[in-house]
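*Asks:*
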Amino acid sequence: MRMTDFEIRRAIAADLPALAEIQQRSMRELASMSYETAQIAAFLEHGEAILSEIIEKANCWVAVAGPLVIGCAAWCRPGAISLSALPKRPTLPEAEIRSVHVRPGWTRRGVARRLLDRIEKDAAEASVLRLSLLSTLNGRAFYEALGFSATGEKKLKVDGLFMTGVAMTKQLEKSRSAA
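According to full-length UniProt numbering, the sequence shown is numbered sequentially starting from 1.
What follows is the structure in structure tokens.
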């Protein structure tokens with residue numbers, strides 16, 4: 001199987017162990033250039049519980065190469081999931097992107113880009129006009145390349161430690177949401 005052969009499908013509860021592993025490896029191996037070990041450990045302390053909540057309450061998608069889960073990304077209405085970067089505003093036509101992670105070894109192969117394309121399409125079909133996210137410092141350039149704009153830095157407090165992220169937004173085309 002080539003490294004570009006993968007499919008996107010909805011996440012299911014049985015994906016949780018693989019998603020937790022991907023999140024842990026992604027944060028430890030890829031985010032370690034931007035965050036201290038203690039910050040990553042504090043974030044990961046809640047990782048599996050939040051992923052479980054995301055699979056249950058959000059629109060979560062996974063990338064799979066055969067039986068191997070290689071990436072994930074989700075969207076939900078603001079405030080629907082723990083540790084939300086946005087206040088709960090369920091009536092506004094916006095959504096929050098959560099838990100974008102790619103298995104190390106599969107980065108830079110279009111996995112995250114295809115997951116985000118799927119999220120944009122899915123959110124637009126639900127009449128979402130704006131997507132927001134809190135990017136890790138090392139993920140900012142990726143999201144900017146996809147048309148997201150930084151709106152400022154935001155500190156997320158996890159177990160008494162602060163992690164700085166970049167708040168970002170992207171307007172979806174009205175014609176796409178009507179399609």
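C-beta: ideal position from N, C-alpha, C; glycine also. These numbers come from a predicted model, not from an experiment.
With a Cβ-Cβ cutoff of 8 Å, do Ile54 and Ala74 count as a contact?
*Replies:* Here residue 54 is taken as the residue at index 54 of the sequence shown, counted from 1. Here residue 74 is taken as the residue at index 74 of the sequence shown, counted from 1. Closer than 8 Å, so yes.
*Asks:* Who does Gly165 pair with in a DSSP beta bridge?
*Replies:* What you label residue 165 is simply residue 165 of the sequence shown in a count that begins at 1. Answer is Lys154.
*Asks:* Could you tell me whether the stretch 114 to 122 touches the stretch 27 to 43, where touching means 3 or more Cβ pairs closer than 8 Å?
*Replies:* Because the criterion of three Cβ pairs below 8 Å is not met, the stretch 114 to 122 and the stretch 27 to 43 do not touch.
*Asks:* Can you list, in chain order, the stretches of the beta strand (DSSP E) that have 3 or more residues and sit fully within the stretch 48 to 76?
*Replies:* As far as the stretch 48 to 76 is concerned, its whole beta strand (DSSP E) runs of at least 3 residues are 59 to 65, 68 to 76.
*Asks:* If you draw a straight line from the C-alpha of Glu94 to the C-alpha of Ile70, how long is it?
*Replies:* As a position in the sequence shown, residue 94 is number 94, starting the count at 1. As a position in the sequence shown, residue 70 is number 70, starting the count at 1. In a straight line, the C-alpha of Glu94 is about 27 Å away from that of Ile70.
*Asks:* Under the rule that 16 or more other beta-carbon atoms within 10 Å means buried, what is Glu96, buried or exposed?
*Replies:* As a position in the sequence shown, residue 96 is number 96, starting the count at 1. Under this definition Glu96 is a buried residue.
*Asks:* With respect to 7 Å, is the separation between the Cβ of Arg98 and the closest non-hydrogen atom of the ligand MG below this value?
*Replies:* For the structure depicted, the ligand MG is absent and the ligand set is empty, with no information on it obtainable.
*Asks:* Cβ atoms of Gly165 and Lys154: under 8 Å apart, would you say?
*Replies:* Along the sequence shown, one-based indexing puts residue 154 at 154. Along the sequence shown, one-based indexing puts residue 165 at 165. Cβ atoms of Lys154 and Gly165: closer than 8 Å.
*Asks:* In or out: Arg15 buried (at least 16 other Cβ within 10 Å) or exposed?
*Replies:* On the sequence shown, residue 15 is found 15 positions in, with the first residue counted as 1. Note that residue 15 corresponds to Asp in the displayed sequence, not to Arg. When all chains shown are included, Asp15 counts as buried.
*Asks:* I need the DSSP call for Val128, collapsed to helix, strand or coil.
*Replies:* Taking the first residue of the sequence shown as position 1, residue 128 is located at position 128. It is coil, neither helix nor strand.
*Asks:* State the DSSP-derived secondary structure class of Ser135, mapped to helix, strand or coil.
*Replies:* In the sequence shown, the residue the question calls residue 135 occupies position 135. It is a strand residue.
*Asks:* Can you tell me which of Tyr143, Leu161, Met168, Trp61 puts its alpha carbon nearest to the alpha carbon of Thr151?
*Replies:* Here residue 151 refers to the residue found at position 151 when the sequence shown is read from its first residue. Closest by alpha carbon: Met168.
*Asks:* Within a Cβ cutoff of 7 Å, which residues of the same chain sit near Ala49, ignoring the five residues on either side of it in sequence?
*Replies:* Residue 49 sits at position 49 when you count from the first residue of the sequence shown. Here the set comprises nothing.
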